[in-house]
Each structure stands twice: as C-alpha cells, then as structure tokens.
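S.K.: In our numbering, the protein residues as written are 662 to 1131. Note that CB positions come from ideal geometry on N, CA and C, so glycine has one too. The structure presented is a predicted model; accordingly, all values stated were derived computationally and were not measured. Would you mind keeping the following structure in view while I ask a few things?
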C-alpha cells in the first residue's frame, strides 16, 4: 500500500513593520571606550622608588673605603660530563681579587679536581681539618653546625657559583666550621692547599700577590669590611685618645642615566579628520608612554649595568631552605637589612608565598599603600612585579629593598626640566612632517637606579613557584 505525503505548508515570514536596528545604527552616535592595552601593569617599582634629580646625566655613589672585594659568583664551562672553572673567574675569590696573570690562573684552574656528589652525601664534617676549597658548579648544599644546646642548626644554603673553604688555601691549621651536606645531586671542583702552594712557588707574580693580600688583611676592619675608625670608650681620667679619619673609596661608582626612546608617527589625515570625540594624537601618545614606562621598569629590574637583579651584592643573595618560599625564608631575607620597605615578587611567586603561609597555618596581614590594601609580612608590603623573570624550571626571585637617600637605600635616578617635557623625566618632541604627510614625535625618557650601600638590596634566589602534587 502506498502512502502519499504532502509537502508541509511554508509559512511566510512576518512582514517587517518598523526600522531594523542594523539600519538604525547608521544614524546613531556610538558610545566608545578609549583604546585599551593589556601590557599596562601596576608598575609598583616605579611608584615606590624615591626619584633623585640627576643633573649632568650621572650619579656618583661615594662610599667609605672597603677592603672586601672579589666575593662574586664563579662561573664554569661544561664539556659533556666534564666541568672546568674559567681561569679568570678565580679572580672572584677574595684571595685572588685583582690578580691578572692568566698563565698562573690557568695553572690553578687545571689543578681543580671534579667531584660529583649525590643527594644526602656529606661533603665535609665539622671539626675535620680543612685542606681544600670547594667551588660549586651545580647543585644545592646545606651547611649545618651545632647550636649552644647541642642541637643541629642550619648555617647557610649554597648553590651554583658559591664556594666554601677559601681560608684553607693559606691557613695550615684551618678546620671546617660546619658540616656540608648535599641537598641535591651536583658537581663541584676542589683545589687543595698543596696544589695551590705548588703554583704559588712556581709563579713569582702569584707569590707577590698573596703576600700583598696578607698585608691588606692586617688593616683594621669592621664587620662589613670597611676601614675601621679608631676610637676609645669607657675610659676614665686623662687617657690618650686615638686619632682617626674616615677614608673613602678612590674610584666610586658612577651611574649614567639610561635612555628609552621611540618615534611616534601619526598621519595628518588621521589627526585632521578623525579627532572627535577623542584626540587621535593624544591617545596614540598615551599608549606609547604606557609602553615606554613598562620598558623602563623592565630595565630597572633586568638591565645588566644597573638592574636590581644584577646589582644586588653577592653577600645579599640567599637561597631558599627547601625550594618553595616559606615565612622562614622571608624572615632571613628581612634580617639582612634594616628598615626594609618593600618586597617585590612576580605575581606567581606571590601565589607561592601564599601557599607557603597556608602550609604553615599563617595568614599574611595587609597594609595600606597609597589607599590600596596590599599583602604584607612583618608589616613590609609584598608587591607584584611581573618584570622579575621566571626560569624554565619554574624558579624566580624575591627582592627586598630599603629605599631613599636618607636611609642609604635604593633610589631611582632621573633628570627633570627636559626640553618639551611631557611628564617628569619624559619628553615629547615634534620632529616635523614628512613628504608623505606623516607627523613624527620623539618620545624619550632617561632613568637609572642606584644601590647606595650593599645591604640596601637583597635577593632570595631559586624560589620554586610550581605547585607540588598532593
């Protein structure tokens, strides 16, 4: 049996009886926002740095004479599984600071012996004779000692580029003051006292340098390595008072103002015909200045000449105890300087700090900073700065700063009163109109940063920010 089907009846669409919205928009005035950009951040560093007027384009930091030199990180080269110290890098040792005989340095480097270690291995025992220096090429090492009441206490955590046992090269009676235990597997190079003395005997230039070092070491110094100021206290009667003077560094460091520039181009047709309701040139300039300020903050953190990460003294760089940031790590960073004003960390690092607080059952307090509530630890604000880099292994750094000239802290440098100044330290100069009817503006800002004394800036390095598995 065949069933016939009828096509469904097509219902015609309703006839439009009024003007549609799409056509109506042709006559309407559009409400619009100003141009937006994702690159803009809070730029807390630029806000908290006290800015010092820098006439002449340079800022000289005069310091008291210091004898502590050559205490930087040591670098190595790797060829497969073989690791060698770069001979010139041995000049980072205080004993060899300023020594420039490449042949003698190469001889010392050749006598360094490689030692691979595993996690948990005890490298040196407290109280044992110390007869060699250890240069850490890779890995983390914890130094522990015995406290007053017989318990084991942590002394320091060392990592790539650090060393321990330098006194063993010149002191035949030296003993290890702490036990060194490997937290991770890694590699170090050792140089024995016997090998060092053999090179000294064969290199007259090195022998003279070591003798001069011994002579310099006899200068009276305070605990910061500065030339001591002789004085008397607690005396009675007519005691003879010591004479004193404050000696200065002969070659103080000078910070020259750096520059960030760009040329903004705007076609005259755009500025003539499309300037309402927003000024096209002003909006172009606003976004350009925002990008320039972002680059300025990036340079203040990362520039190798004056950036804070590269200008922190090596004695002010510490390692985390276990990897992730903990309240104990922040306390150790705080205790190394007086009057810390701010912490700076990447936003992801701040999240890791929060997890560390939660794990310890703590809750960070908040402080008011410019009308905004920000997290703090011990009353010191923890401010975000996404210019602090994160490495491929998900580690980053936390900066702690004391700021201001009056506090011998970290200061920003700039010069105001520039020709055609648009903002303090930033100028916008009209460069003319090209034959293509394009207007050009030179946008320039000059800036730098200076660390007045080494303990004004500290860095907690190799902070693990990845979330662990539970």
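Please determine if the region 930-948 and the region 971-990 are in contact, where contact requires at least 3 C-beta pairs separated by less than 8 Å.
M.R.: At 8 Å Cβ cutoff, the stretches do not touch.
S.K.: When the Cα atoms are used, what is the spatial distance from residue 1108 to residue 750?
M.R.: Near 31 Å, if we compare the C-alpha coordinates of residue 750 and residue 1108.
S.K.: In terms of residue numbering, what span does the beta strand (DSSP E) encompassing residue 799 cover?
M.R.: 793-799 is the span of the beta strand (DSSP E), which, as asked, contains residue 799.
S.K.: On the DSSP letters alone, give me the boundaries of the beta strand (DSSP E) that residue 927 sits inside.
M.R.: 919-928 is the extent of the beta strand (DSSP E) around residue 927.
S.K.: Ordered along the chain, which non-local residues of its own chain (more than five positions away) have a Cβ less than 7 Å from that of residue 989?
M.R.: Excluding residues within five positions, the ones whose Cβ falls inside 7 Å are 982.
S.K.: Determine the closest residue to residue 924 out of 738, 1124, 1106, with distance taken between C-alpha atoms.
M.R.: It is 1106.
S.K.: Candidates 822, 947, 813: which alpha carbon is nearest residue 838's?
M.R.: Taking only the C-alpha atoms, the option nearest residue 838 is 813.
S.K.: Please identify the residue among 1042, 1020, 1022 whose C-alpha is closest to the C-alpha of residue 1029.
M.R.: Closest option to residue 1029, Cα to Cα, is 1042.
S.K.: Under a three-way DSSP split, which group does residue 950 fall into?
M.R.: Here residue 950 sits in helix by DSSP.
S.K.: Run through DSSP, which three-state label would residue 671 get?
M.R.: Residue 671: coil per DSSP, three-state reduction.
S.K.: For a test of the three-state rule: what should DSSP assign to residue 735, helix, strand or coil?
M.R.: Note: residue 735 maps to coil in three-state DSSP.
S.K.: Is residue 832 buried or exposed, if buried means 16 or more other CB atoms sit within 10 Å of its CB?
M.R.: Result: exposed.
S.K.: Could you name each continuous beta strand (DSSP E) segment of 3 residues or more that falls completely within the region 962-1008, going from the start of the chain to the end?
M.R.: The qualifying runs are 978-980, 1003-1006.
S.K.: Buried or exposed: which applies to residue 682, given that a residue is buried once 16 or more other Cβ atoms fall within 10 Å of its Cβ?
M.R.: Flag for residue 682 reads exposed.
S.K.: Below 9 Å between beta carbons: does that hold for residue 948 and residue 698?
M.R.: For residue 948 and residue 698, yes; Cβs fall inside 9 Å.
S.K.: To the nearest angstrom, report how far apart residue 1025 and residue 1015 are at their CA atoms.
M.R.: Those two C-alpha atoms are separated by around 8 Å.
S.K.: For residue 806, which of helix, strand or coil comes out of DSSP?
M.R.: Reduced to three states, the DSSP call for residue 806 is strand.
S.K.: Just the Cα atoms here: how many angstroms apart are residue 1094 and residue 675?
M.R.: For residue 1094 and residue 675, the distance between alpha carbons rounds to 57 Å.
S.K.: Beta carbon of residue 830, beta carbon of residue 796: below 9 Å?
M.R.: In this structure, residue 796 does not lie closer than 9 Å to residue 830 by Cβ.
S.K.: On the premise that residue 840 lies in contact with residue 786, defined as a C-beta separation below 8 Å, what is that separation, rounded to the nearest angstrom?
M.R.: Yes, residue 786 and residue 840 are in contact; Cβ-Cβ is about 6 Å, under 8 Å.
S.K.: I want to know whether the region 1060-1078 touches the region 1108-1127 - three or more CB-CB distances under 8 Å.
M.R.: Yes, the region 1060-1078 is in contact with the region 1108-1127.
S.K.: Given this structure, state the Cα-to-Cα distance separating residue 1033 from residue 707, to the nearest angstrom.
M.R.: Computed Cα separation, rounded: 16 Å.
S.K.: Note the first and the last residue of the continuous alpha helix (DSSP H) segment covering residue 708.
M.R.: 705-709 is the span of the alpha helix (DSSP H), which, as asked, contains residue 708.
S.K.: Look at the Cβ atom of residue 842, then the Cβ atom of residue 799, and state whether they are nearer than 9 Å.
M.R.: Result no, Cβ atoms of residue 842 and residue 799 do not sit closer than 9 Å.
S.K.: Assign residue 722 to one of three DSSP states: helix, strand, or coil.
M.R.: Residue 722 falls in the strand class under three-state DSSP.
S.K.: For residue 815, I'd like the list of residues in its chain whose CB is within less than 8 Å of its CB, leaving aside the five on either flank, ordered along the chain.
M.R.: Excluding positions up to five away in sequence, the list reads 803, 804, 805, 982.
S.K.: For residue 801 versus residue 819, is the C-beta spacing smaller than 9 Å?
M.R.: In contact: residue 801 and residue 819 (Cβ atoms closer than 9 Å).
S.K.: Looking only at its own chain, which residues have a Cβ that is under 6 Å from the Cβ of residue 1126, when we skip the five neighbours before and after it?
M.R.: Cβ within range, chain order: 1009, 1010, 1013, 1055, 1057.
S.K.: Can you tell me where the beta strand (DSSP E) holding residue 763 begins and where it ends?
M.R.: It is not in any beta strand (DSSP E) - residue 763 instead sits in the alpha helix (DSSP H) that spans 763-771.
S.K.: At which residue ranges does the region 1002-1055 contain complete beta strand (DSSP E) runs of 3 or more residues, listed in the order of the chain?
M.R.: Whole beta strand (DSSP E) segments, 3+ residues: 1003-1006, 1026-1030, 1033-1038, 1041-1045.
S.K.: Could you give the DSSP three-state label for residue 687: helix, strand or coil?
M.R.: Residue 687 falls in the helix class under three-state DSSP.
S.K.: Go ahead and pull the three-state DSSP assignment for residue 813.
M.R.: Note: residue 813 maps to strand in three-state DSSP.
S.K.: Report yes if the C-beta of residue 1074 is less than 8 Å from at least one heavy atom of the ligand MN; otherwise report no.
M.R.: As for the ligand MN, it is missing from this structure, which has no ligand bound.
S.K.: Are the beta-carbon atoms belonging to residue 1123 and residue 984 less than 9 Å from one another?
M.R.: Going by C-beta atoms, residue 1123 is nearer than 9 Å to residue 984.
S.K.: Taking all protein chains shown into account, do 16 or more other C-beta atoms lie within 10 angstroms of the C-beta of residue 834, making it buried, or fewer, making it exposed?
M.R.: Under this definition residue 834 is an exposed residue.
S.K.: Below 8 Å on the Cβ atoms is my contact criterion, and I expect residue 702 with residue 964 to pass it. Report the Cβ-Cβ distance as a whole number of Å.
M.R.: In fact, because the Cβ distance is near 18 Å, the residues do not count as touching under 8 Å.
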